[in-house]
Amino acid sequence: MDKFIFVLGSNWQLSIAELDNVLKFSQFKGKITDYSANIAVVQFEDLHKDRHYINKLMELQFILGGTQKIARIYDFIDIRTIQTAFPLQIEKFKMVETTRKKISVILDNLLDNSFRKIKNENIFFAVSIYPILYDEEYYKKVLVKHFLPFLNKEIMVILKQKGAKKSLYYEYPEEYMKSGNLNPIFPHHLIKYGLFNQDRAEIIFGFSEEGVYIARTFTCDDPNFKKRIDEERPHKEFKSAISPKLTIIMLNFLNLFEQREDKKILDPFVGNGTIPLFALIEDFQIYGSDVDSKKVNNTIRNLNWLLEELEEPIPPLLNERFREIDVRFLSNYFEQDFFDGICTEPTLGPFYKKRPYYSEAVEVIKNQLEPLYEAIFKESYKILKIHSRICIVAPIINTIDGGDVQMDIIKFAINNNFKLIPMIDMNRIINKSNIKLQFRRQHTKSLIDAKKGQILKRKIYVFEKQD
Ligand SMILES: C[S@@+](CC[C@H](N)C(=O)[O-])C[C@H]1O[C@@H](n2cnc3c(N)ncnc32)[C@H](O)[C@@H]1O
């Protein structure tokens, strides 16, 4: 089977949107053939035929902000077989036993295919189960408590039968197994336990409504690297900063995949520079501005710190590309049609510790934010190349007495000759019967990035400059 599992980040809708966009427009052409809230199954047009496909997967992993791991699929078991072997309540013991034996045969073949050598090796493996949704009863009661121990034991025994000198598995903490609240092994553990070595492996069992895909992990995100940049840079303000993950996802919606080193992108609200920092890592030519000169200096210092950390030379005139500019006058400072993309998180309003009243939120939006967003589109139109994109965050404010308040940013964009680009292409997304897995048509225009109960949510939009 020439398919791959992409393990999705916590905002699975945003992760799928990003992945599908990259598979549609980048050189890594492919399609999502199945998905759940935790995994996407990808079939490439030709990447898998490349002799060095693992290197290609690593490149792809590096580009994607919303993918945690990529694993090659070796087998598939349909959902009926799994549910017969591991029912919520055992009634027919004989059926359970014979179906489990069938699964053992599948595991036997899988291990021959996924390990280059077993005989005389000391093998260490970790089993990770990705359910359709973490909060489902079947995951907590059956998959964690029965399927996982079965897999650990069976795989261990089969490896021994195949001549492994030793065969050991990763043991999850007892208390998580008991409660059923288990997270599969994290990417940084994959790195720590050396699970990409020849005699080690993470074996993923990724569920969709159709069945379970069995795969071996080949590459994972290095969250410690991004975290270190985000947290150790000299200047940082946690309350107003966008996350590295979201930054990378937004950069991918600019649809600039080829020759990134020549693509000029701007953040006109740099703050402490999260967007340029990660855009630099992703190879873009970065520019930035902010009305606050202190913020501009912070960004410059952060960038110089990063380049020193990476032991890379400082590009000529880098500091000059960051300037104190009020967004309303951007076009006075940059040439017309200069940029290939704009990626930005403008001021999102006050930092609320408590939910505001509806009338307060409406006032902030009307008086402060709407004029600012209108100016962004007016000025961006002048300095962006034709058909170039702007990926932008807009706020949703959750109020005490009136629910969510937000502005009509689409109106400002259209008035200034930008076209809205839906973040999800519904023609490429397959149907799902579980309502929690469906993308609703009206929600595809933009996607939200927020944690449960957050007062200020980020809504992400993509627009394209028209002729
Ligand atoms: C939400 S912060 C951006 C945070 C940034 N993404 C980061 O990670 O550090 C918004 C920034 O917009 C700047 N700003 C506010 N009004 C502006 C204006 N009219 N023109 C340009 N920048 C402005 C503020 O100084 C602030 O640094």
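At position 430 of the sequence shown the residue is numbered 1568 (my numbering), and the sequence of numbers has no breaks.
Glycine included, C-beta positions come from ideal geometry on N, C-alpha and C.
Three-state secondary structure (DSSP) of residue i
| i | result |
| --- | --- |
| R1218 | helix |
| N1260 | strand |
| K1504 | helix |
| A1223 | helix |
| K1520 | helix |
| R1579 | helix |
| I1270 | coil |
| R1398 | helix |
| I1387 | helix |
| I1586 | strand |
| I1514 | helix |
| S1571 | coil |
| Y1496 | helix |
| S1346 | coil |
| S1381 | coil |
| S1174 | coil |
| L1404 | strand |
| K1187 | helix |
| K1432 | helix |
Where the alpha helix (DSSP H) through residue i begins and ends
| i | result |
| --- | --- |
| E1370 | P1361 to E1370 |
| D1158 | W1150 to F1163 |
| Q1485 | In the sequence as displayed, the identity of residue 1485 is Thr instead of Gln. No alpha helix (DSSP H) contains T1485, which DSSP labels as neither H nor E. |
| Y1191 | Y1191 to I1201 |
| F1416 | T1412 to I1419 |
| L1248 | F1231 to S1252 |
| L1146 | Counting along the chain, L1146 falls outside any alpha helix (DSSP H), though it belongs to the beta strand (DSSP E) covering K1141 to L1146. |
Limits of the beta strand (DSSP E) - the one that residue i falls within
| i | result |
| --- | --- |
| I1177 | I1177 to F1182 |
| E1646 | Because the chain here runs from 1139 to 1605, residue 1646 falls outside it and cannot be looked at. |
| F1376 | First-last for F1376: undefined, no H or E at that position. |
| R1354 | G1349 to C1358 |
| K1640 | Limits of the chain in this structure are 1139 at one end and 1605 at the other, which puts residue 1640 out of reach. |
| I1424 | Q1423 to D1428 |
beta-carbon residue i near ligand 1 non-hydrogen atom, thresh 7 Å
| i | result |
| --- | --- |
| A1499 | no |
| P1484 | yes |
| N1390 | no |
| F1407 | yes |
| L1445 | no |
| D1428 | yes |
| L1152 | no |
| I1547 | no |
| N1410 | yes |
| R1466 | yes |
| I1270 | no |
| L1510 | yes |
| A1379 | yes |
| I1413 | yes |
| I1433 | A quick correction: the sequence has Lys, not Ile, at residue 1433. Indeed, a heavy atom of ligand 1 lies less than 7 Å from the Cβ. |
Residue i: CB within 7 Å of a non-hydrogen atom of ligand 3
| i | result |
| --- | --- |
| G1479 | Ligand 3 is absent from the structure shown, which contains only ligand 1. |
What runs of the alpha helix (DSSP H), each 4 residues or longer, lie entirely inside the stretch 1528-1568? 1547-1553
Secondary structure, beta strand (DSSP E): runs of 3+ residues fully inside the stretch 1276-1339: 1304-1307
Just to confirm the assignment: which complete alpha helix (DSSP H) runs, minimum length 4, are found wholly within the stretch 1434-1481? 1468-1471
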